[in-house]
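Peer 1: Structure below; questions to follow.
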Amino acid sequence: MSTDRKPGTPKPAPTGGRVIRGSVVLPDSELTWRFSRSSGPGGQHVNTSDSQVELRFDLAATQALPEVWKERALERLAGRLTGGVLAVRASDHRSQWRNRETALDRMVSLLGEATAPPPRQRRATRVPRGINERRLREKKQRSEVKKNRGRGGDW
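Position 51 of the sequence shown, counting from 1, maps to 50 under numbering that gives the first Met the number 0, and the rest follow consecutively.
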């Protein structure tokens with residue numbers, strides 16, 4: 000089975016959107032695209048084409064995400080949101096099409112990370128007595144080595 004996708008890139012959803020995680024899809028209908036002239040590589044071509052892409056997604060108003068995921072994403076992406084809207088820009092490539100793909104991949108990965116469940120809390124455990132005793136014994140040996148450094152022979 001061959002695919003044209005790079006490893007780690009999200010697969011396109013069968014309904015015309017991108018899969019965020021599991022069966023949750025970022026629908027194309029809720030995405031807003033804006034194009035403008037890009038700085039950077041392109042020579043004279045860069046002055047005539049709108050290759051920079053800005054992709055916007057209204058996170059606060061979307062119905063595509065489960066409510067728990069939406070709350071989690073709004074909290075985690077609070078610094079990146081403008082009025083509840085998540086914006087991603089891409090101007091890495093000379094081609095508008097490749098910049099569109101890059102912006103969409105960034106948006107999906109941002110939402111995937113922001114909606115991920117929090118990591119499990121670490122359960123505190125006691126340090127075994129043997130390990131603690133060995134640590135203290137080694138500390139004492141090191142202390143002796145350092146203490147004996149200053150004591151030279153008969154000069």
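Glycine included, every Cβ here is placed at the ideal spot set by N, Cα and C.
Could you work out which residue in F56, S48 and N147 is closest to L76 when comparing CA atoms only?
Peer 2: Here residue 76 is taken as the residue at index 77 of the sequence shown, counted from 1. Among F56, S48 and N147, the Cα nearest to that of L76 is on F56.
Peer 1: Is it true that the CB of L103 sits closer than 8 Å to the CB of V84?
Peer 2: By one-based count along the sequence shown, residue 84 stands at place 85. By one-based count along the sequence shown, residue 103 stands at place 104. Result no, Cβ atoms of V84 and L103 do not sit closer than 8 Å.
Peer 1: For A89, report the span of its beta strand (DSSP E) as first-last.
Peer 2: Residue numbering aside, residue 89 sits at position 90 when the sequence shown is read from its first letter. Taken as a continuous stretch (DSSP letters only), the beta strand (DSSP E) holding A89 covers V84 to A89.
Peer 1: Looking at the structure shown, is L64 part of a helix, part of a strand, or coil, going by DSSP?
Peer 2: Taking the first residue of the sequence shown as 1, we reach residue 64 at position 65. Coil, per DSSP.
Peer 1: Select from R148, R99, R71 and I19 the residue whose C-alpha is nearest the C-alpha of V52.
Peer 2: For this step, residue 52 is matched to residue 53 along the sequence shown. Ranking the options by Cα distance to V52, first place goes to R99.
Peer 1: Which class does Q120 belong to by DSSP, given the choice of helix, strand or coil?
Peer 2: For this step, residue 120 is matched to residue 121 along the sequence shown. Three-state result, Q120: coil.
Peer 1: Answer yes or no: does any C-beta atom of chain D fall closer than 8 Å to that of W96?
Peer 2: Protein chain content of the structure displayed is limited to a single chain, and chain D is not contained in it.
Peer 1: Go ahead and label T101 buried or exposed: buried means 16 or more other beta carbons lie within 10 angstroms of its beta carbon, across all protein chains shown.
Peer 2: Indexing the sequence shown from 1 puts residue 101 at position 102. With 16 or more Cβ atoms within 10 Å of its Cβ, T101 is classed as buried.
Peer 1: Since V23 contacts L80 with CB under 8 Å, what's their CB separation in whole angstroms?
Peer 2: As a position in the sequence shown, residue 23 is number 24, starting the count at 1. As a position in the sequence shown, residue 80 is number 81, starting the count at 1. Not confirmed; about 19 Å, so no contact.
Peer 1: Using DSSP with H/G/I as helix, E/B as strand and the rest coil, what is L73?
Peer 2: Here residue 73 is taken as the residue at index 74 of the sequence shown, counted from 1. Note: L73 maps to helix in three-state DSSP.
Peer 1: Note the first and the last residue of the continuous alpha helix (DSSP H) segment covering R20.
Peer 2: Numbered from its first residue, the sequence shown carries residue 20 at position 21. Here R20 belongs to no alpha helix (DSSP H); instead the beta strand (DSSP E) covers R17 to R20.
Peer 1: Could you spell out the range, first to last residue, of the alpha helix (DSSP H) harbouring R99?
Peer 2: As a position in the sequence shown, residue 99 is number 100, starting the count at 1. Segment Q95 to A113, the alpha helix (DSSP H) holding R99.
Peer 1: For R20, I'd like the list of residues in its chain whose CB is within less than 6 Å of its CB, leaving aside the five on either flank, ordered along the chain.
Peer 2: To locate residue 20, count along the sequence shown from 1; it is residue 21. The residues are G111.
Peer 1: Just checking my contact of S94 with S50 at CB under 8 Å: how many whole Å lie between their CB atoms?
Peer 2: For this step, residue 94 is matched to residue 95 along the sequence shown. For this step, residue 50 is matched to residue 51 along the sequence shown. Between S50 and S94 the Cβ distance is about 7 Å, and since that is below 8 Å, they are a contact.
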